[in-house]
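A.B. asks: My questions all concern the structure below.
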Amino acid sequence: MSLNPHRTIAELKELRALTADENGALRVAWTDTWLKAREWFAEKLIGLPVTQHYDAAGNNWITLPGTSSDTLVIGSHLDSVPNGGWLDGSLGVLAGLEILRRISAEWEERPPITIQLVDWADEEGARFGRSLFGSSAFAGTSTIEADRGRQDRDGITLEAAMLRCGFDIQLIDKAVSGQENVKAYLELHIEQGPILERMELPLAVVKGTKGVERHHIVFHGQEAHSGSTPMNARHDALAAAAKLALEVYPIAQKHPDAVCTVGSLKTFPGIVTAIVGRCEMTLDQRDLEPKVLATMLAEAKEASHRFAAEFGCTVEWSKIWSIEPEPFDPTLMQFCAESIQEVTDSPVQLPSGPLHDAAEVSRAGIPTVMMFVQSLYGISHNKIEDTDETHLELAVQAMDRLASKTMNWIAEGCE
Ligand SMILES: [Zn+2]
């Protein structure tokens, strides 16, 4: 049985028909639709010489035992955001399944090393606001205390939702034991952005996931009457904030891959007849280089103080959240580039702006790489998310080659 990328596309459509409605995919983790997707996936394994187990965090592991216990893991996630697309996550899992079938057939059910396919639990964090849930538990970067009390919109706790699916949140720390024998991790994912489409290229090597600095900024001015206060006597918090919102463009544009976003801006009192006395905004900055991130943050802080002074205001910063950039493994990036080259054009390297399970695996010290396939219109997390079918086929072929190269590398002692 040789690799059949058509089957991957057919299975993706089958999963979509089973778990989406007219508004898109509904495979939100810890819901009945997600469990239905997992049941459907289990049926696909019938007849393969594999074993299956769930770890303590709800990650689904499929194992094809090899001569050696050294293990190559291929993975992604079957869960989706509400009204999500048909490819985000599912592509990586179903391409991995096809590669598993090919390896099993080629090696007559006993490859030289062990191959595992993993469907990470709750990558999206759509219901409880905790992204990368399963892969963080595997990596040992999560804490039960922080996650236990999380609630969805209906007041149901993550703990209760997990229990309903058969998992005890008390035990998620045990998921780290899955790291044993794992020598490399590979993940195929749609790009979810517009860059490959603009370059007219189907595939890219992912350099790593960008680090994130996320801050809450408050400008304090003075509320005053909009009719009686002359322009030169104002302490206008919105004017200072507005200047900063525009300043993030030149701050980011000095660096090729950096992005800065002011996603929220609230004015107080927020009425038509008052100068804004307080303005709250959020800033999200991302880049693959820690130095670039630090520079952009320092520049934004400096600019905020300058604009505050210009409008007679003060400014306060508080951190919402931050995460370090996670560069991928250079050897695996090289294999990924060669694999892309063998099936299509010259490979490009892109950083990933969104976080992925692969970043958590890499944080655990396991050599990791991702491959991106072009997203049409650069849109994801939406029912119009799509990828050209010829590109999907190329992606499955290139991932299969990447799996073979990585398997040989592991068999030869990762040298
Ligand atoms: Zn995803």
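Quick note, the sequence shown lines up with residues 167 to 581 if you use this note's numbering. We put the beta carbon where it would ideally sit given N, CA and C, even for glycine.
Is Cys331 helix, strand or coil by DSSP?
C.D. replies: Walking along the sequence shown from the start, residue 331 turns up at place 165. Coil at Cys331, not helix or strand.
A.B. asks: Is DSSP giving Arg319 helix, strand or coil here?
C.D. replies: Position 153 of the sequence shown, counting from 1, holds the residue named residue 319. The answer is coil: DSSP assigns Arg319 none of H, G, I, E or B.
A.B. asks: If you run the structure through DSSP and keep just helix, strand and coil, what is His382?
C.D. replies: Locating residue 382 in the sequence shown gives position 216, where the first residue counts as 1. His382 falls in the strand class under three-state DSSP.
A.B. asks: Should Gly255 be counted as a contact of ligand 1 given a C-beta to heavy atom distance under 6 Å?
C.D. replies: Mapped onto the sequence shown, residue 255 falls at position 89. Yes - ligand 1 has a heavy atom lying nearer than 6 Å to the Cβ of Gly255.
A.B. asks: State the CB to CB distance for the pair Leu184 and Trp206, rounded to an integer number of angstroms; the pair is presumed to be in contact (CB under 8 Å).
C.D. replies: Counted from its first residue, the sequence shown places residue 184 at position 18. Counted from its first residue, the sequence shown places residue 206 at position 40. The pair is a contact, with the Cβ atoms about 6 Å apart (cut-off 8 Å).
A.B. asks: Unbroken beta strand (DSSP E) runs of length 3 or more, entirely within the segment 185-244: which are they?
C.D. replies: Runs found: 217-220, 226-230 and 234-242.
A.B. asks: Using DSSP with H/G/I as helix, E/B as strand and the rest coil, what is Leu352?
C.D. replies: Translated into positions along the sequence shown, residue 352 becomes position 186. The answer is strand: DSSP assigns Leu352 an E or B state.
A.B. asks: Determine the closest residue to Asn225 out of Leu244, Pro277 and Glu504, with distance taken between C-alpha atoms.
C.D. replies: In the sequence shown, the residue the question calls residue 225 occupies position 59. Ranking Leu244, Pro277 and Glu504 by Cα distance to Asn225 puts Leu244 first.
A.B. asks: Please classify Cys445 as buried or exposed, where buried requires at least 16 other C-beta atoms within 10 Å of its C-beta.
C.D. replies: Taking the sequence shown and counting its residues from 1, one reaches residue 445 at position 279. Counting Cβ neighbours within 10 Å, Cys445 comes out buried, since at least 16 surround it.
A.B. asks: Among the residues of its own chain, which have a CB less than 8 Å from the CB of Gly393, if the five just before and after it don't count?
C.D. replies: The residue given as residue 393 occupies position 227 in the sequence shown. If we look at Gly393 and ignore the five residues flanking it on each side, its Cβ neighbours are Thr439.
A.B. asks: For Phe434, which residues does DSSP report across the bridge?
C.D. replies: Counted from its first residue, the sequence shown places residue 434 at position 268. Phe434 pairs with Arg444.
A.B. asks: Let me confirm a value: Thr375 is counted as buried when at least 16 other C-beta atoms fall within 10 Å, else exposed. Which label applies?
C.D. replies: Translated into the one-based positions of the sequence shown, residue 375 becomes position 209. The residue is buried, with at least 16 neighbouring Cβ atoms inside 10 Å.
A.B. asks: For the beta strand (DSSP E) containing Glu482, name the first residue and the last one.
C.D. replies: Along the sequence shown, one-based indexing puts residue 482 at 316. First-last of the beta strand (DSSP E) with Glu482: Thr480 to Ile489.
A.B. asks: Using only alpha-carbon positions, find the residue among Ser301, Val348 and Arg267 that is nearest to Val216.
C.D. replies: On the sequence shown, residue 216 is found 50 positions in, with the first residue counted as 1. Looking at the Cα atoms, Arg267 is the closest of the given residues.
A.B. asks: Among Glu346, Leu404 and His219, whose alpha-carbon lies nearest the alpha-carbon of Val284?
C.D. replies: If you number the sequence shown from 1, residue 284 lands on position 118. Among Glu346, Leu404 and His219, the Cα nearest to that of Val284 is on His219.
A.B. asks: Can you tell which of Gln282, Thr427 and Gly250 has its C-alpha closest to the C-alpha of His382?
C.D. replies: On the sequence shown, position 216 is the one that residue 382 refers to. Among Gln282, Thr427 and Gly250, the Cα nearest to that of His382 is on Thr427.
A.B. asks: Can you check DSSP and say which residues form a bridge with Gly387?
C.D. replies: Locating residue 387 in the sequence shown gives position 221, counting from the first residue. Answer by DSSP bridge pairing: none, since Gly387 is not bridged.
A.B. asks: Ordered along the chain, which non-local residues of its own chain (more than five positions away) have a Cβ less than 6 Å from that of Ile532?
C.D. replies: Taking the first residue of the sequence shown as position 1, residue 532 is located at position 366. Counting only Cβ-Cβ distances below 6 Å, and skipping sequence neighbours, we find Val348 and Tyr351.
A.B. asks: Suppose you measure from the CA of Ala406 to the CA of Ala390; what does that come to, to the nearest Å?
C.D. replies: By 1-based counting over the sequence shown, the position of residue 406 is 240. By 1-based counting over the sequence shown, the position of residue 390 is 224. Rounded to whole angstroms, Ala406 to Ala390 spans 16 Å at the Cα level.
A.B. asks: Span of the alpha helix (DSSP H) holding Cys580?
C.D. replies: Here residue 580 is taken as the residue at index 414 of the sequence shown, counted from 1. Taken as a continuous stretch (DSSP letters only), Cys580 belongs to no alpha helix (DSSP H), as it is neither H nor E.
A.B. asks: Among Ala503, His557, Pro520 and Thr553, which has the Cα closest to the Cα of Ala569?
C.D. replies: Walking along the sequence shown from the start, residue 569 turns up at place 403. Checked all of Ala503, His557, Pro520 and Thr553; the closest Cα to Ala569 is Ala503.
A.B. asks: Considering only their Cβ atoms, is the gap separating Met328 from Ile335 smaller than 7 Å?
C.D. replies: For the purposes of this step, residue 335 is taken as residue 169 along the sequence shown, with counting starting at 1. For the purposes of this step, residue 328 is taken as residue 162 along the sequence shown, with counting starting at 1. Contact: yes.
A.B. asks: Decide if Cys479 is buried, meaning its Cβ has at least 16 other Cβ atoms within 10 Å, or exposed.
C.D. replies: On the sequence shown, position 313 is the one that residue 479 refers to. Buried is the call here.
A.B. asks: Return helix, strand or coil for Asp552, following the three-state DSSP convention.
C.D. replies: Locating residue 552 in the sequence shown gives position 386, where the first residue counts as 1. In the structure shown, Asp552 sits in coil (DSSP, three-state: anything other than H, G, I, E or B).
A.B. asks: With distance defined between alpha-carbon atoms, name the residue in Ala292, Leu337 and Ser301 nearest to Arg314.
C.D. replies: Locating residue 314 in the sequence shown gives position 148, counting from the first residue. Measuring from the Cα of Arg314, the nearest candidate turns out to be Leu337.
A.B. asks: Which residue's Cα is closest to the Cα of Pro513: Ser505, Pro520 and Gly519?
C.D. replies: As a first step, residue 513 must be located in the sequence shown, where it is residue number 347. Of the candidates Ser505, Pro520 and Gly519, the one whose C-alpha sits nearest the C-alpha of Pro513 is Ser505.
A.B. asks: Could you please give me the residues that DSSP links to Gln515 through a beta bridge?
C.D. replies: Taking the sequence shown and counting its residues from 1, the one referred to as residue 515 is at position 349. Per DSSP, Val371.
A.B. asks: Over the uninterrupted alpha helix (DSSP H) stretch that includes Leu337, give me the two end residues.
C.D. replies: In the sequence shown, the residue the question calls residue 337 occupies position 171. Neither: Leu337 is in no alpha helix (DSSP H) and is coded neither H nor E.
A.B. asks: Here's a check: name, in chain order, each residue in its chain whose Cβ is nearer than 7 Å to the Cβ of Gly258, leaving out the five neighbours to either side.
C.D. replies: What you label residue 258 is simply residue 92 of the sequence shown in a count that begins at 1. Same-chain partners within the cutoff: Gly241, Ser242, Glu353, Leu354 and His355.
A.B. asks: How would you write the range of the alpha helix (DSSP H) that Val458 sits in, first residue to last?
C.D. replies: Here residue 458 refers to the residue found at position 292 of the sequence shown. Taken as a continuous stretch (DSSP letters only), the alpha helix (DSSP H) holding Val458 covers Pro456 to Glu476.
A.B. asks: From Ile212 to Arg204, what does the alpha carbon distance come to, in whole angstroms?
C.D. replies: The sequence position of residue 212 within the sequence shown is 46, counting from 1. The sequence position of residue 204 within the sequence shown is 38, counting from 1. Whole-angstrom Cα-Cα distance: 13 Å.
A.B. asks: Run through the DSSP bridge pairs and tell me what Glu272 is partnered with.
C.D. replies: Sequence index remark: in the sequence shown, residue 272 carries index 106 (1-based). For Glu272, which the question treats as bridged, DSSP gives no partner whatsoever.
A.B. asks: Using three-state DSSP, classify Val535 as helix, strand or coil.
C.D. replies: Counted from its first residue, the sequence shown places residue 535 at position 369. Here Val535 sits in strand by DSSP.
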